[in-house]
Amino acid sequence: MGNEKGLTPQAEDFSAWYNEIVQQAELASHSAVRGCMVIRPYGYRIWELIQAGLDGMFKATGHQNAYFPLFLPKSALDREAEHVEGFAPETAIVTHAGNSELEEPLVVRPTSEAIIWPIVRDWIDSYRDLPLLLNQWANVVRWELRTRPFLRTTEFLWQEGHTAHATESEAEEETRRMLGVYRTFMEDWMALPVITGLKTESEKFAGAVRTYATEGLMRDNRALQAGTSHNLGQNFARAFDVRFQTEEGEHDFVWSTSWGVSTRLIGGLIMAHGDDTGLVLPPRLAPYQAVIVPIWRNEDQKGQVLESAARLAEALVGGGIRTHLDGREGMNPGAKYYDWERRGVPVRLEIGPRDLEAGQAMVVRRFTPDGEDRKRPLSLGGITEELETLLVRMQGELLAEATERRGANTTRNVESMDTFRDVVESVGGFVFTGWCGDEGCEARVKEETKATIRVIPDEEFRSSDPPTRCLCGEASVAEVVRAKAY
RNA sequence: CGGGGCGUGGCGCAGUCCGGUAGCGCACCUGCUUUGGGAGCAGGGGGUCGCCGGUUCGAAUCCGGCCGCCCCGACCA
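The numbering of the first sequence is this note's numbering, which starts it at 526 and goes up by one.
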């Protein structure tokens, strides 16, 4: 703890800052079981808003929600060789029901490919049944050795899309489409700019042909893989015998994809925007977009102020602004200011006797672009519209700020190992380098610097004049983004 | 899973070395006075000291085992 009332500054100890903010903003707490966390109401509300935003986008792209079971027979997981190998070390296995041993152990899903495909194969007969576009909101369990709230927990909540297509190109198109959906969500809702691109073989999903990811930059200049989208080719279709009859009457295995984002996004939100005062939430994902703090000096004023504040709250809620009236007694306004700032509420409305007389409320923003006033009065007439505009603007400003920070912490055209090491150890951030394409080289650089290849970036992120050499001195076959990551 | 640190009211900690009725700050409850950037005074409530076992007349304190958390490494969304 930095001091009695504040947080440990980020610059002093980012991990400590993160843990304190999770606790003090009442996002989550630990449970009795190692690596598991309780998502508290304020944190869960953020997840609900994330869900609502993404779910709308999934539906708009033709996907339907379903729910598949938590357990799968161990034999099912074992059917796709790479998949088993990837997940075996981190699966939780149920062997008993009460006192009797089960005939076949059950695996608690670490992901649902091996549950879904044996079932869905019966839903698919012909090309007319394709594409099959499914999504499920679920919990999964991965027995991680090292856990952190939201970023990596033993059990976590996520969304997993699973689709089947008639052709390879359709599957690839779907994989890319959903990567784009994630990117849009991250930028427009989370105000988190991300680099999209392809994972290297060693970093891809176990069982995938290709894995794409979105990578965001946190305020400690480490990267966070925020979402992944996999082109599974026909790997799972072969493993689970999912065939369909083509237009020409032939039989073929379906081409499938899967894609997911998890409660890790909340960790990303915290680390992308939070400051030494506390959480900073983008308006679109803030449980409360505006909090009203009433101020009074005597009983008479208290009645009037509270009444006006309640009317104001009602008007704002009616206008679609998530609003909370903080009527707690025995707490000074100042204490409330700190409280809501720590929780990242975008806008605070102060309303007191002086404001009532002037027919206004003081509007105080959680963050502003440099040099702009945080605080100004707004007339109560038309305040809903003003706030709507303000929240939209703040959403944009937060993204702009994060994008600028990413730019300032991105280094391009690094060609030598010495320079690379220097950059990683001093600035950190995203480092664009060449890559020879060799996995051994990738592993050695990781070993030496702890920085990994995050993605082979999509075209729009590539340098206009990319490096011609890998860090090892060999000719580069692809420009890559490297960073220390969570 | 290896190395290090730590578990004492909701949170942060002292007490543990040297065994003897469990304490402090914040938070909480009641009352009064306050309230435009973390209020004051008075009174009050709450902890089988992570868990299990052992030693002892007596254990937060000593011994053994286990569990959890944090940091650093090997694996991962």
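Even glycine gets a Cβ: it sits at the ideal position worked out from N, Cα and C.
Everything numeric in this text was worked out from a predicted model, so none of it was measured.
If I'm right that residue i touches residue j with Cβ under 8 Å, what's the distance once you round it to whole angstroms?
| i | j | result |
| --- | --- | --- |
| residue 768 | residue 761 | Between residue 761 and residue 768 the Cβ distance is about 12 Å, and since that is not below 8 Å, they are no contact. |
| residue 646 | residue 766 | 6 Å |
| residue 740 | residue 748 | 5 Å |
| residue 1010 | residue 750 | 7 Å |
| residue 788 | residue 717 | The Cβ separation is near 15 Å, so there is no contact. |
| residue 568 | residue 669 | Actually they are not in contact, since the Cβ atoms of residue 568 and residue 669 sit about 19 Å apart, beyond 8 Å. |
| residue 1003 | residue 954 | Rounded, the Cβ-Cβ distance is 20 Å, inconsistent with contact. |
| residue 920 | residue 991 | With a Cβ gap of about 33 Å, residue 920 and residue 991 do not count as contacting. |
| residue 601 | residue 566 | In fact, because the Cβ distance is near 36 Å, the residues do not count as touching under 8 Å. |
| residue 637 | residue 685 | 6 Å |
| residue 543 | residue 791 | Their Cβ separation, rounded to whole angstroms, is 12 Å, which puts residue 543 and residue 791 out of contact at 8 Å. |
| residue 652 | residue 772 | 5 Å |
| residue 627 | residue 620 | 6 Å |
| residue 931 | residue 742 | 5 Å |
| residue 774 | residue 707 | In fact, because the Cβ distance is near 37 Å, the residues do not count as touching under 8 Å. |
Excluding the 5 residues flanking residue i on each side, which residues of the same chain have their C-beta closer than 7 Å to its C-beta?
| i | result |
| --- | --- |
| residue 764 | 604 and 605 |
| residue 948 | 936, 939 and 956 |
| residue 912 | 815, 841, 846 and 872 |
| residue 587 | 658 |
| residue 528 | With a pLDDT of only 37 at residue 528, under the threshold of 50, the placement of this residue in the model should not be trusted; the figure read from the coordinates follows. Cβ neighbours of residue 528 beyond the five flanking positions: none. |
| residue 924 | 712, 716 and 718 |
| residue 826 | 878 |
| residue 526 | In this predicted model, residue 526 has a pLDDT of only 32, less than 50, meaning its place in the structure is not dependable; the value taken from the coordinates is given anyway. If we look at residue 526 and ignore the five residues flanking it on each side, its Cβ neighbours are 533 and 545. |
| residue 570 | 812 |
| residue 776 | 768 and 770 |
| residue 831 | 819 and 852 |
Hey, out of the options, whose CA is closest to residue i's CA?
| i | options | result |
| --- | --- | --- |
| residue 890 | 898, 589 and 548 | 898 |
| residue 815 | 918, 794 and 838 | 838 |
| residue 971 | 534, 828 and 945 | 945 |
| residue 793 | 710, 577, 822 and 975 | 710 |
| residue 997 | 967, 616 and 669 | 967 |
| residue 640 | 703, 922, 663 and 826 | 663 |
| residue 757 | 770, 698 and 1003 | 698 |
| residue 976 | 882, 958 and 852 | 958 |
| residue 701 | 737, 678, 892 and 712 | 737 |
| residue 883 | 584, 895 and 833 | 833 |
| residue 744 | 926, 651 and 621 | 926 |
| residue 680 | 672, 1001, 666 and 771 | 666 |
| residue 495 | 974, 973, 950 and 981 | This structure cannot speak to residue 495, because the chain is shown only from 526 to 1011. |
| residue 535 | 654, 797, 584 and 638 | 797 |
| residue 577 | 809, 611, 995 and 557 | 809 |
| residue 555 | 672, 978 and 775 | 672 |
| residue 509 | 994, 979 and 995 | Residue 509 lies beyond the range of the chain shown here (526 to 1011); nothing can be said about it. |
Please list, in chain order, all residues of the same chain as residue i whose beta carbon is under 8 Å from its beta carbon, the five residues on each side excluded.
| i | result |
| --- | --- |
| residue 843 | 909 |
| residue 952 | 746, 934 and 936 |
| residue 886 | 817, 837, 874, 875, 876, 880, 902, 903, 905 and 908 |
| residue 900 | 887, 888, 889 and 890 |
| residue 999 | 961, 963 and 966 |
| residue 650 | 769 and 770 |
Report all residues from its chain with a CB closer than 6 Å to the CB of residue i; omit the five preceding and five following residues, and keep chain order.
| i | result |
| --- | --- |
| residue 674 | 547, 553 and 562 |
| residue 928 | 718 |
| residue 564 | 553 |
| residue 704 | 721, 737 and 754 |
| residue 629 | 598 |
| residue 849 | 813 and 816 |
| residue 574 | 810 |
For residue i, verify whether its CB is less than 7 Å away from any heavy atom of the ligand MN.
| i | result |
| --- | --- |
| residue 813 | This structure simply doesn't include the ligand MN, nor any ligand for that matter. |
Is the region 794–808 close to the region 655–667, with three or more CB pairs under 8 Å? Taking 8 Å as the limit for Cβ pairs, the verdict is that the region 655–667 does not touch the region 794–808.
With three or more C-beta pairs closer than 8 Å as the rule, is the region 927–940 touching the region 728–735? Judged by Cβ distances under 8 Å, the region 728–735 makes no contact with the region 927–940, as fewer than three pairs qualify.
Just checking, does the region 690–701 make contact with the region 778–795 on the three C-beta pairs under 8 Å criterion? Flag = yes, the region 690–701 and the region 778–795 touch.
Pair every Cβ in the region 855–870 with every Cβ in the region 545–558, then say whether three or more of these pairs are closer than 8 Å. With the cut-off at 8 Å, the region 855–870 and the region 545–558 touch.
At least 3 beta-carbon pairs within less than 8 Å: the region 633–640 vs the region 585–597: They touch, by the three-pair rule.
Report yes or no: do three or more beta-carbon pairs, one from the region 816–835 and one from the region 848–858, lie closer than 8 Å? Between the region 816–835 and the region 848–858 there are three or more C-beta pairs closer than 8 Å, enough to call the two in contact.
Just to confirm the assignment: which complete alpha helix (DSSP H) runs, minimum length 4, are found wholly within the region 764–837? Listed in chain order, they are 789–798.
Within 8 Å, do at least three Cβ pairs link the region 979–987 to the region 717–724? The count of Cβ pairs closer than 8 Å, one atom from the region 717–724 and one from the region 979–987, reaches three, so the stretches are in contact.
What residue ranges within the region 652–704 form continuous alpha helix (DSSP H) runs of no fewer than 4 residues, ordered along the chain? Look at the region 652–704 and you find no whole run of alpha helix (DSSP H) that is 4 residues long or longer.
Taking only runs of the beta strand (DSSP E) that begin and end inside the region 625–650, which ones reach a length of at least 3 residues, in chain order? Segments of the beta strand (DSSP E) lying fully in the region 625–650: 625–633.
Any chance you could list the alpha helix (DSSP H) runs of at least 4 consecutive residues sitting entirely within the region 544–585, in chain order? Taken in chain order, the whole alpha helix (DSSP H) runs of length 4 or more contained in the region 544–585 are 566–585.
Could you tell me which whole alpha helix (DSSP H) segments of length 4 or greater appear in the region 942–993? For the region 942–993, whole alpha helix (DSSP H) runs of length 4 or above, ordered along the chain, are 942–951 and 964–974.
What are the start and end residues of each continuous beta strand (DSSP E) run of 3 or more residues lying completely inside the region 713–758, in chain order? Within the region 713–758, the complete beta strand (DSSP E) runs of at least 3 residues are 719–723, 735–742 and 748–758.
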